Amino acid sequence: AQSVAQPEDQVNVAEGNPLTVKCTYSVSGNPYLFWYVQYPNRGLQFLLKYITGDNLVKGSYGFEAEFNKSQTSFHLKKPSALVSDSALYFCAVWSGGYNKLIFGAGTRLAVHP
Amino acid sequence: GAGVSQSPRYKVAKRGQDVALRCDPISGHVSLFWYQQALGQGPEFLTYFQNEAQLDKSGLPSDRFFAERPEGSVSTLKIQRTQQEDSAVYLCASSLVSSGGVTDTQYFGPGTRLTVL
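Sequences listed follow chains A and B, in order.
For the first sequence, the working numbering begins at 5 and goes up steadily by one.
For the second sequence, the working numbering begins at 289 and goes up steadily by one.
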């Protein structure tokens, strides 16, 4: 079965500290992995994706993610958090056999001043 | 440039009413998707179009849900005889192409928040 797990409902971090939002996946074949961010009353904004190539992917707003095939993980990271990064983050995997994105339940990131 | 737009942004319906939700994808995007996002959850797939062809409607929860994209651009999601459990945010996304096991990035609209009383 194709699935995405985001094990943390919420992540709290102080402004200026590094942040990590975890994601693991299960999918047959080569995974296409995505991170999206959602602000209140807004749609999903694309942050970054892994298709192939370098395991470290850089995206928008200083975010990056590391693809780890052996651990089937795609954790989102940022070296220095901003209060404005506070939002809901979704990891997703493209299920090519089914032509759809499968999303995790989301992780709420709270960055405190 | 213009992104994906959806209308209305908010819709309140009485139980039993029919509703129609509209999605305008990014110009030139071949693939269009509808997702349903319940409160506190991640989006869940409803249906998928490649141009005007509806290639997958496996996520539609019942036969009260119907989607179309007659000219391969604008899409409408229609819900007949709405029920309280239909209350959710309905998200539309488009991509240049998504088929044959590969996909381009899906870009999402702001969503329509449907509340059924």
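Virtual Cβ for every residue (Gly too), placed ideally from N, Cα, C.
None of the values given here were measured: they were computed from a predicted structure.
Cutoff 8 Å: residue i Cβ touching any chain A Cβ
i, result
"Pro358(B)", "no"
"Tyr378(B)", "no"
"Phe321(B)", "yes"
Alpha carbon of residue i to alpha carbon of residue j, nearest angstrom
i, j, result
"Ala85(A)", "Cys27(A)", "18 Å"
"Tyr357(B)", "Ala18(A)", "Per the sequence shown, residue 357(B) should be read as Arg rather than Tyr. Whole-angstrom Cα-Cα distance: 46 Å."
"Arg310(B)", "Leu365(B)", "6 Å"
"Tyr336(B)", "Asn103(A)", "8 Å"
"Ser90(A)", "Arg112(A)", "7 Å"
"Val318(B)", "Asn45(A)", "26 Å"
"Ala381(B)", "Phe333(B)", "10 Å"
"Arg352(B)", "Ala308(B)", "12 Å"
"Leu402(B)", "Val292(B)", "18 Å"
"His79(A)", "Leu343(B)", "32 Å"
"Leu37(A)", "Gln368(B)", "34 Å"
"Tyr43(A)", "Leu92(A)", "6 Å"
"Thr56(A)", "Val404(B)", "43 Å"
"Thr370(B)", "Gly304(B)", "5 Å"
"Leu384(B)", "Ala326(B)", "27 Å"
Secondary structure of residue i, DSSP reduced to three states
i, result
"Gln324(B)", "strand"
"Val17(A)", "strand"
"Asp406(B)", "Residue 406(B) lies beyond the residue range present for chain B, which begins at 289 and ends at 405; the question has no answer from this structure."
"Asp89(A)", "helix"
"Tyr40(A)", "strand"
"Ser64(A)", "helix"
"Ile55(A)", "coil"
Cutoff 8 Å: residue i Cβ touching any chain B Cβ
i, result
"Phe107(A)", "yes"
"Phe78(A)", "no"
"Tyr2(A)", "Within the shown structure, residues of chain A are numbered from 5 to 117, placing residue 2(A) beyond reach of any answer."
"Gly110(A)", "yes"
Under 9 Å from the C-beta of residue i: neighbouring residues of chain B
i, result
"Phe94(A)", "Gly330, Pro331"
"Phe50(A)", "Thr393, Gln394, Tyr395, Phe396"
Proximal residues of chain A, C-beta to C-beta of residue i below 8 Å
i, result
"Asp344(B)", "Tyr102, Asn103, Lys104"
Chain A contact residues for residue i, given Cβ-Cβ distances below 9 Å
i, result
"Gly399(B)", "Asn45, Arg46, Gly47, Leu48"
Contacts of residue i in chain B (Cβ-Cβ under 7 Å)
i, result
"Lys53(A)", "Thr393"
"Trp118(A)", "For residue 118(A) there is no data in the structure shown, the boundaries of chain A being 5 and 117."
Residue i Cβ short of 7 Å to the ligand FAD heavy atom set
i, result
"Leu309(B)", "This structure simply doesn't include the ligand FAD, nor any ligand for that matter."
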